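Participant:
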Ligand SMILES: Nc1ncnc2c1ncn2[C@@H]1O[C@H](COP(=O)(O)OP(=O)(O)OP(=O)(O)O)[C@@H](O)[C@H]1O
Ligand SMILES: [Mg+2]
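In my numbering, the protein residues as written are 158 to 447.
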């Protein structure tokens with residue numbers, strides 16, 4: 158399927174609807190040239206190998222895996238910021254050759270502009286989209302309130318805390334309103350309470366806007382709570398170990414879902430995969446055991 162315009166369709170049996178494939182990653186491999194201390198030269202290092210993933214339009218995918226297994230490397234490729242060494246990436250059936258405005262990204266290291274204040278950082282993507290100033294103001298205000306940064310709009314980035322920086326990065330991506338939201342550990346630096354609020358708010362936004370979201374996290378609970386499917390990666394080189402269907406009902410509220418037997422089963426299953434514990438008796442989806 159090397160054509161520029163492959164039309165990909167999925168049949169969603171449950172809803173009897175035809176759902177479009179939004180993202181198709183085929184055999185994505187990325188190698189880096191790294192220093193070889195033994196030979197005093199350079200060698201090739203394979204960060205990720207043959208990652209295949211098909212994501213439907215409006216799906217919420219979370220990715221978990223050990224540190225260094227290639228999660229960020231894969232997300233960079235999805236964004237178009239970095240190219241795979243081999244393999245192809247299609248968005249809406251079109252081969253990706255670089256970054257595009259339809260994909261917004263929340264980077265692991267915030268990626269904020271120190272010369273802009275909080276509001277101006279949040280409005281950056283809106284400026285790129287040439288949205289008039291008045292509308293920019295209105296949109297940025299909405300997201301400033303959503304992430305709880307009222308009163309900090311005029312602060313520069315070095316004048317706010319790590320968790321606040323992360324919230325600015327999230328607000329910036331949401332305000333920009335991309336079709337695909339790529340989020341690299343977006344809630345890692347926020348306090349536990351804010352994190353839970355942000356998880357629920359993100360789900361509300363996703364439900365309203367039917368964005369396609371790819372979300373990396375180290376938190377198993379977060380991965381299960383948010384996702385339609387959890388992609389578990391293994392390391393050396395990074396590869397898909399298993400993809401787990403999270404068929405928990407929606408809309409989800411943390412208070413109602415956490416600690417239910419189904420939620421605990423799914424979390425435990427992901428935990429086992431991450432710890433390399435195989436259990437043949439564990440079924441492929443959560444429903445069978447409930
Ligand atoms: N530009 C680069 N040059 C060389 N090696 C790199 C480069 N970027 C990443 N790597 C290596 O590729 C591997 C995957 O890195 P990556 O940042 O994707 O991991 P990760 O799964 O996101 O980890 P973490 O959970 O710690 O964020 C690591 O071994 C890393 O050292
Ligand atoms: Mg990373």
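Glycine included, every Cβ here is placed at the ideal spot set by N, Cα and C.
Quantities reported herein were computed from a predicted structural model and do not represent experimental measurements.
Rounded to whole angstroms, what's the CA-CA distance from residue 410 to residue 370? Just pull it up for me.
Facilitator: In a straight line, the C-alpha of residue 410 is about 18 Å away from that of residue 370.
Participant: Let me confirm a value: residue 189 is counted as buried when at least 16 other C-beta atoms fall within 10 Å, else exposed. Which label applies?
Facilitator: Burial call: exposed.
Participant: May I have the straight-line CA-CA distance separating residue 312 from residue 366, to the nearest angstrom?
Facilitator: Using only the alpha carbons, I get a separation of about 30 Å.
Participant: Residues in the same chain with beta-carbon distance under 6 Å from residue 331, minus the five sequence neighbours each way, listed in chain order, please.
Facilitator: So the qualifying residues of the chain are 300.
Participant: By how many angstroms is the C-alpha of residue 339 removed from the C-alpha of residue 235?
Facilitator: Straight-line Cα distance between these residues: approximately 8 Å.
Participant: State the Cα-Cα distance for the pair residue 423 and residue 385, rounded to the nearest angstrom.
Facilitator: Rounded to whole angstroms, residue 423 to residue 385 spans 12 Å at the Cα level.
Participant: Would residue 377 and residue 220 qualify as a contact pair, given that the criterion is a beta-carbon distance under 8 Å?
Facilitator: No; because the gap between Cβ atoms is not below 8 Å, this pair is not in contact.
Participant: In angstroms with no decimal places, state the Cα-to-Cα distance between residue 355 and residue 402.
Facilitator: Spanning the two alpha carbons is a distance of roughly 23 Å.
Participant: Quick check: does the Cβ of residue 189 come within less than 7 Å of any heavy atom belonging to ligand 1?
Facilitator: Answer for residue 189: yes, Cβ within range of ligand 1.
Participant: Can you confirm whether the stretch 189-208 touches the stretch 271-286 when touching is taken to mean that 3 or more C-beta pairs between the two stretches lie within less than 8 Å?
Facilitator: Cβ pair count under 8 Å is below three, so no.
Participant: With DSSP collapsed to three states, give me the class of residue 243.
Facilitator: Residue 243 falls in the strand class under three-state DSSP.
Participant: Am I right that residue 320 and residue 347 are in contact with their C-beta atoms under 8 Å? What's the rounded C-beta distance?
Facilitator: Sure, about 4 Å apart at Cβ, within 8 Å.
Participant: When you compare only the Cα positions, how much space is there between residue 413 and residue 314?
Facilitator: Going from the Cα of residue 413 to the Cα of residue 314 covers about 36 Å.
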